[in-house]
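S.K.: In this text, residue positions in the sequence shown follow the numbering used here: the first is 37, and each later residue adds one.
All C-beta atoms in this analysis are idealised placements derived from N, C-alpha and C, irrespective of residue type, glycine included.
One structure is given below, represented as structure tokens, and several questions about it will come after.
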Amino acid sequence: TPAGGYGMNTGVGDALALSWVLAAIIKGWGTSKLLAAYETERRPVAIQNREASGAHVLVRLKIAMAMRDAMYADSPRGEQIRKKIGDRILELTNLENEAIGIEAGYRYHDSPVICYDGEDAPPSFEPDKLKPSTYPGLRIPAIWLKDGRAIHDLLSNGFTLIRFDDTDVTTFEKAAMDCGMPLSVLDIRDNNAAKIYEKKLILVRSDQHVCWRGDAMPSDAKIIIDKVRGA
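So, in structure tokens, the structure goes:
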């Protein structure tokens, strides 16, 4: 596997992303555009992971170059070298095993089946940081609600519309029902979760990525539903 274990990370992400697409097409509510979107979404993630893996290999080589025979010597000199190597390893960092941003903080750019915000800028990407955000294309933040439940455990197997207030989402539900797209509404009344999730309405795919969000219902819910299902 590539350095950092990113081969498995990438493969699992690929499988999860493809599973809901195939299910949508087989069940008839998704279109072939979803398959085209799959490569648009996943290929940049694979390239990013490959580049990160290459960087980790270079770090390993630098560490290996420092580990000469002298470091094993049972002498003051050997102790001095071991201390120097330890300091150098700390300087090079352990990003290979701590790159939570690479593993779970990636965002799908320019996907034809995601509705992006027109006014908000996405959070900047950092390999070693996971920045909670519901910006379209990102995975929803993993949080525990005040009642102790994990929000990921409450998502449906289809699309989930997370609602933090009393907005009437009937037109969203009807648009999904008319085309056979599975949609469940998840009502949450949790101030901390609402703050982290930024918007009052969050549409989440079954792969846990945000495909639309807003503070009010769109003027035509059908346009949103058709876009996220590739129609």
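Whole-angstrom Cβ separation of Gly-194 and Pro-218, contact assumed at under 8 Å?
M.R.: So it is a contact: roughly 3 Å between Cβ atoms.
S.K.: What is the DSSP secondary structure of Ala-174, counted as helix, strand or coil?
M.R.: Per the sequence shown, the amino acid found at residue 174 is Leu instead of Ala. In the structure shown, Leu-174 sits in coil (DSSP, three-state: anything other than H, G, I, E or B).
S.K.: Going by C-alpha to C-alpha distance, which of Lys-98, Glu-139, Ala-252 sits closest to Leu-126?
M.R.: The shortest Cα separation from Leu-126 among Lys-98, Glu-139, Ala-252 belongs to Lys-98.
S.K.: For the alpha helix (DSSP H) that contains Gly-137, what are its first and last residues?
M.R.: Segment 136–140, the alpha helix (DSSP H) holding Gly-137.
S.K.: For Val-240 and Val-95, I'd like the C-alpha separation in whole angstroms.
M.R.: Their Cα atoms are separated by approximately 37 Å.
S.K.: Is Leu-54 near Gly-266, with beta carbons less than 9 Å apart?
M.R.: Not a contact, by the Cβ cut-off of 9 Å.
S.K.: May I ask you to check if the CB of Ala-140 is nearer than 8 Å to at least one heavy atom of the ligand GTP?
M.R.: Because no ligand of any kind appears in the structure shown, any question about the ligand GTP cannot be addressed here.
S.K.: Please classify Tyr-142 as buried or exposed, where buried requires at least 16 other C-beta atoms within 10 Å of its C-beta.
M.R.: Tyr-142 is buried by the Cβ-count criterion.
S.K.: Residues in the same chain with beta-carbon distance under 6 Å from Ala-82, minus the five sequence neighbours each way, listed in chain order, please.
M.R.: Only Thr-46 meet the Cβ criterion.
S.K.: Restricting to Cα atoms, I'd like to know which of Cys-215, Phe-200, Ile-260, Val-246 is closest to Lys-231.
M.R.: Cα-wise, what sits closest to Lys-231 is Phe-200.
S.K.: Going by other Cβ atoms of all chains shown within 10 Å of its Cβ, with 16 needed for buried, is Gly-64 buried or exposed?
M.R.: Classification of Gly-64: exposed, given that the 10 Å Cβ count is below 16.
S.K.: In whole angstroms, what is the alpha-carbon distance linking Leu-237 and Lys-120?
M.R.: Roughly 53 Å separates the two Cα atoms.
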